[in-house]
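Peer 1: Here's a structure for you.
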Amino acid sequence: GILNLNAVIGDSLSISFVGYKITNLIFNGDKNQQVKLVQEKITLPTVIIEKCKKEKTIKYGNADSVDFIINNQGKKIHFMGGLTSDFVFKNLFTSEQGIKNYLWAVRLNPKKENAHLIKFSFWLDKPLGALTNSINLPLILNFYNVEDSTDLPGHLIYESSIIYYPTQLGKQTLNLDSLHLKIPDNGMYVSFQHVINDKYSWKIKVKWVDSSKDIVKDTFFFGYGNEIEGTYCSKDFNLANYNPILNKWIFTNGQTDEKDEQKKKGTLKCEAVIKYCSE
Numbered sequence: 001g002i003l004n005l006n007a008v009i010g011d012s013l014s015i016s017f018v019g020y021k022i023t024n025l026i027f028n029g030d031k032n033q034q035v036k037l038v039q040e041k042i043t044l045p046t047v048i049i050e051k052c053k054k055e056k057t058i059k060y061g062n063a064d065s066v067d068f069i070i071n072n073q074g075k076k077i078h079f080m081g082g083l084t085s086d087f088v089f090k091n092l093f094t095s096e097q098g099i100k101n102y103l104w105a106v107r108l109n110p111k112k113e114n115a116h117l118i119k120f121s122f123w124l125d126k127p128l129g130a131l132t133n134s135i136n137l138p139l140i141l142n143f144y145n146v147e148d149s150t151d152l153p154g155h156l157i158y159e160s161s162i163i164y165y166p167t168q169l170g171k172q173t174l175n176l177d178s179l180h181l182k183i184p185d186n187g188m189y190v191s192f193q194h195v196i197n198d199k200y201s202w203k204i205k206v207k208w209v210d211s212s213k214d215i216v217k218d219t220f221f222f223g224y225g226n227e228i229e230g231t232y233c234s235k236d237f238n239l240a241n242y243n244p245i246l247n248k249w250i251f252t253n254g255q256t257d258e259k260d261e262q263k264k265k266g267t268l269k270c271e272a273v274i275k276y277c278s279e
């Protein structure tokens, strides 16, 4: 390179460049000097990588949790389930229409240090009134870290989405070993969202009376796809959903309280298998 600068005799100059040794000199009045830098050779410390000789797996989940809680009046309150159920509605009188395609995320804790998620399971059911093929509606799954300040989903820890195509009701298991998903120290979130497709929709006609109580309106609801089963859980597995209006994640019905059985919160029914080095 060529460098022009203003200097007077006796000035100290220091010339450096990435990967080369620093050269120091004192300007002697020579207005045309050539400086040759010497390459800096550094040997990094030896790094030895060894495969874990003894790996173990742990399976944990909330499938055995209760599907109802008892309120203060002694009544059974069933978890609504179907948290990812989407629908389009159209009012025949007002032509109002809209669509809901919720984005939900359930939290998994690491359980072990440097653990990897190798399998993840959830359960699917057919919504009331749905067609037989509704179970085949695809789902989009993503994986997020846990934001330290809020305990809500933060950044994606795996850039590509997983598109899952169900074929039957009941337990669904994803084999994730090839993704090498390391669970961060404070856990991770697994999110779900439907892929809207009219092929898997069905129509429900509902009659209702408006506030004036003198007009009966026909409303058609168009349901889409499958429902992810829910459960009540008093420990771990916090559930969050993304609010598009607020443009942020929020907790669904608050966080779970493992110390208070009456404060169990609804969440998605799920199961995880993690792998870790036992040495």
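Residue numbers (this note's numbering): 1 to 279. Beta carbons are placed, not taken as given, at the ideal position from N, Cα and C, and that holds for glycine.
1) Cα separation between residue 95 and residue 207?
2) From residue 40 to residue 158, what does the alpha carbon distance come to, in whole angstroms?
3) Can the beta-carbon of residue 143 be found closer than 8 angstroms to that of residue 270?
4) To test your reading of the DSSP string, which unbroken alpha helix (DSSP H) runs of 4 or more residues are found completely within the region 145 to 231?
5) Run the CB neighbour count on residue 190, radius 10 Å, all protein chains shown included, and call it buried at 16 or more, exposed below.
6) List the residues that DSSP assigns as beta-bridge partners of residue 24.
7) Hey, could you find the ends of the beta strand (DSSP E) residue 270 is sitting in?
8) Does the ligand MN have a heavy atom nearer than 7 angstroms to the CB of residue 172?
9) Name, in chain order, the residues that DSSP records as bridge partners for residue 121.
10) I'd like to know if the region 135 to 150 and the region 175 to 186 are in contact, where contact means that at least 3 CB-CB pairs between them fall below 8 angstroms.
11) Strictly by DSSP, which residues pair up with residue 60?
12) What does the alpha-carbon distance come out to for the pair residue 128 and residue 50?
13) Run through DSSP, which three-state label would residue 114 get?
14) When you compare only the Cα positions, how much space is there between residue 279 and residue 59?
15) Classify residue 192: buried if its beta carbon has 16 or more other beta carbons within 10 angstroms, exposed otherwise.
16) What does the alpha-carbon distance come out to for the pair residue 15 and residue 45?
17) Report yes or no: do three or more beta-carbon pairs, one from the region 158 to 177 and one from the region 106 to 120, lie closer than 8 angstroms?
18) Within 10 angstroms of the Cβ of residue 55, are there 16 or more other Cβ atoms? Answer buried if so, exposed if not.
19) Would you call the CB atoms of residue 137 and residue 164 closer than 8 angstroms?
20) What number of angstroms, rounded off, separates the C-alpha of residue 265 from the C-alpha of residue 196?
21) Inspect the beta-carbon positions of residue 198 and residue 107 and report whether they are closer than 8 angstroms.
22) With a 10 Å radius around its C-beta and 16 neighbouring C-beta atoms as the bar for buried, classify residue 68 as buried or exposed.
23) Would residue 232 and residue 112 be called neighbours here (beta carbons separated by less than 8 angstroms)?
24) By Cβ distance, which residues of its chain are closer than 7 angstroms to residue 53, with the 5 residues on each side in sequence left out?
25) Just reading off the beta strand (DSSP E) that residue 105 is part of, what are its end residues?
Peer 2: A quick look at the data gives this:
1) Caution applies to residue 95, whose pLDDT of 42 falls short of 50 and renders its modelled position unreliable; the value that the coordinates give is listed next. Residue 95 and residue 207: Cα-Cα distance of roughly 15 angstroms.
2) 38 angstroms
3) Contact: no.
4) none
5) buried
6) Under DSSP, residue 24 shares a beta bridge with 14.
7) 270 to 277
8) Questions concerning the ligand MN fall outside what the structure shown contains, since it holds no ligand whatsoever.
9) 173, 271
10) yes
11) 272
12) 53 angstroms
13) coil
14) 19 angstroms
15) buried
16) When only Cα atoms are considered, residue 15 and residue 45 end up about 28 angstroms apart.
17) yes
18) exposed
19) no
20) 28 angstroms
21) no
22) exposed
23) no
24) 279
25) 104 to 108
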